[in-house]
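Each remark here refers to the structure printed beneath this line.
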Amino acid sequence: MGNIFSGLLGKQGSSEQQPDAAGQSAGDTGADSLFSQLNERITSLENRIDRLEEELRQLSKREQQSAGVSKVDSKDNELTMPVYGQQRQLFLAAPTTDGVFSHASSVEQIGKSIYQLTTIDGVNGSFILLDTPDAIATAMISVSQFIKPVCKVGGNVSGYPRHIITEEEGTAVKDGEHWKMMRKAQVRFE
């Protein structure tokens, strides 16, 4: 084993190795072959990385040049640039106590999304409380924390509802990276 590492590092073999007819020890030949194969593989991988980095640069450049296209952060699907002129649906997580939605996603996230916001201009929007079993379960964890900051609640609030009906949509305005509630939604538990 030490002979292989010696060969890889370019050091002379130990005195235990006997040269063959060509003047090389048996350990050096195997190590040289392994070293050569590893070098070729490393070079091949480095070339591939260079090609992939160049492709990524080209794709990024094309994406930056396209106008009016929304850009989504792949980490958690947050909308980072609004699309103007077409209706856009966003899913919102629980609001803060002062009615700010800190997290907006272009896809519904089970266990996190409670509200759905519709916007056309990317600045003004209207929102509803989702009437799905997952959204209801999440919202019912704490009605005072997840619903009441942005909704007026009617109906039986003491029991677990089968449905939550949005009687009047709430409104929100984009404020930096967040959506701020301007008018509370009116919801009824059934």
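Once you know that position 145 of the sequence shown is 145 in the UniProt record's numbering, the rest is easy, because the numbers rise by one and skip nothing. All residues carry an ideal CB built from backbone N, CA and C; glycine is no exception. Given the structure is predicted, the values throughout are model-derived calculations rather than measurements.
So, with DSSP's three-state summary, where would you put residue i?
i, result
"Asp175", "strand"
"Glu53", "helix"
"Arg183", "strand"
"Ser144", "helix"
"Gln86", "coil"
"Ile120", "coil"
"residue 202", "A question about residue 202 goes unanswered here, because the residues of the chain that appear run from 1 up to 190."
"Lys75", "Confidence is the limiting factor: at Lys75 the pLDDT is only 44, short of 50, which leaves the residue's position unreliable and the question unanswerable from this model."
"Glu190", "coil"
"Gly170", "strand"
Take residue i as the anchor and find which of the options has the nearest alpha-carbon.
i, options, result
"Phe189", "Pro161, Asn47, Asp50", "Pro161"
"Gly125", "Gln109, Ile136, Ile114, Leu90", "Leu90"
"Asn156", "Thr171, Met140, Leu38, Val150", "Met140"
"Lys180", "Lys112, Ser102, Leu59, Gly122", "Ser102"
"Gly122", "Ser106, Lys184, Thr43", "Ser106"
"Lys184", "Glu168, Gly176, Lys61", "Glu168"
"Lys174", "Val100, Val143, Thr96", "Val100"
"His178", "Ile136, Ser60, Val150, Ala104", "Ala104"
Would you kindly check if the distance between the Cβ of residue j and the Cβ of residue i is under 7 Å?
i, j, result
"residue 194", "Lys148", "In the structure as shown, the chain begins at 1 and stops at 190. Residue 194 is therefore absent and cannot be evaluated."
"residue 191", "Leu129", "Any question about residue 191 goes unanswered here, given that the chain covers just 1 to 190."
"Gln87", "Ile120", "yes"
"Asp131", "Ile110", "no"
"Ala94", "Phe146", "yes"
"Leu92", "Leu56", "no"
What are the partner residues of residue i, as DSSP defines its beta bridges?
i, result
"Thr97", "DSSP output for Thr97 lists no bridge partner at all."
"Ala104", "Leu92"
"Lys152", "Gln186"
Tell me the residue span of the alpha helix (DSSP H) that contains residue i.
i, result
"Ser126", "Ser126 -> not in any alpha helix (DSSP H); beta strand (DSSP E) instead, spanning 124-129."
"Thr138", "133-139"
Residue i: beta carbon under 6 Å from a heavy atom of the ligand COA?
i, result
"Gly122", "The ligand COA is not part of this structure, which contains no ligands at all."
Please report the residue range of the beta strand (DSSP E) in which residue i lies.
i, result
"Gly159", "From DSSP, Gly159 is part of no beta strand (DSSP E); its letter is neither H nor E."
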